[in-house]
Amino acid sequence: MIEIPSDLHKDLVPLAFLLGHWTGAGVHDFPGSEKCNFGQEVAFTHDGRDFLEYRSHTWVLDSEGNKVRPLESEHGFWRIDSDRKVEVTMTRDDGVIEIWYGELADKKPQIDLVTDAVARTAGSRPYSGGKRLYGYVKSDLMWVGEKQTPEVSLRPYMSAHLKKAVTPEEVERWAKALPDDMPDDGIAFFK
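The sequence shown lines up with residues 1 to 191 when you count with full-length UniProt numbering.
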């Protein structure tokens, strides 16, 4: 179920499916980098202004699913206009700053993005652009990323399947919304 917060800026309603904290796992595979499974935490939040704040942290997983070390971190801001055009500004921990443009699909919660501009620090790895696809599928958030470098043509390099996580603030909000006459044993609630 997609919840639209009452204080969400009206322009962001089409992006409401992204809101929340998401966790899951995926696969990383790109020439010149370690092929691995990774864990991911993503947060899409808002503060009433006309953008969503985005944070993503990934880490390498061992064969038993344990965290081994950080993989990538990103921080950005997502906007959408009245024509369903999406723009994203993003900073990565490896010294790359990107501007992405794309579009929200018609009648489904799916966003296709393509890099429009890439800036790199002197110490960052070669990178010349990418594509991403985000989709809300059966209450889960799924995404696939493609990238290219001067040496490697555009190709998939990361994808993940994320599930909505419940934050302590959400539990507190839900608890406050419970009726005062809830049964003590919880069983009577189901009768």
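Even glycine gets a Cβ: it sits at the ideal position worked out from N, Cα and C.
Thinking C-alpha only, which one of the options is nearest residue i?
i: Lys-108; options: Leu-133, Val-118, Gly-123, Ile-97; result: Leu-133
i: Lys-85; options: Ser-139, Ala-105, Gly-20; result: Ala-105
i: Gly-26; options: Ile-99, Lys-35, Asp-81, Leu-19; result: Lys-35
i: Trp-143; options: Leu-154, Ser-153, Ala-160; result: Ala-160
i: residue 192; options: Ala-117, Ile-111, Gln-148; result: The structure shown does not extend to residue 192, since the chain spans only 1 to 191, so no value can be given for it.
i: Asp-83; options: Lys-147, Leu-12, Arg-120; result: Leu-12
i: His-9; options: Gln-40, Glu-53, Trp-22; result: Glu-53
i: Arg-125; options: Glu-103, Val-114, Val-152; result: Val-152
i: Ala-117; options: Lys-131, Gly-130, Glu-98, Glu-103; result: Glu-98
i: Pro-156; options: Glu-103, Ser-73, Pro-31; result: Pro-31
i: Gly-24; options: Asp-7, Ala-16, Lys-176, Gln-40; result: Gln-40
i: Asp-81; options: Leu-15, Glu-169, Asp-7; result: Leu-15
Between the beta-carbon of residue i and the beta-carbon of residue j, is there less than 8 Å?
i: His-28; j: Phe-38; result: yes
i: Val-42; j: Ser-56; result: yes
i: Arg-69; j: Phe-51; result: no
i: Val-96; j: Tyr-127; result: yes
i: Gly-20; j: Lys-138; result: no
i: Leu-162; j: Trp-59; result: no
i: Thr-115; j: Trp-100; result: yes
i: Gly-130; j: Lys-147; result: yes
For residue i, write down the residues that DSSP places opposite it in a beta bridge.
i: residue 250; result: Since the first and last residues shown for the chain are 1 and 191, residue 250 lies out of range.
i: Gly-24; result: Gln-40, Leu-162
i: Ile-99; result: Thr-89, Ala-117
i: Pro-70; result: Trp-59
i: Leu-8; result: Leu-8 pairs with nothing; no bridge assigned.
i: Glu-53; result: Thr-45, Phe-77
i: Lys-131; result: Val-114, Glu-146
Would you check whether the ligand NAP has a heavy atom nearer than 7 Å to the C-beta of residue i?
i: Phe-30; result: This structure lacks the ligand NAP, and indeed carries no ligand of any kind.
At a cut of 8 Å, does the segment 58-69 reach the segment 86-93 through at least three beta carbon pairs? Result no; under three Cβ-Cβ pairs closer than 8 Å.
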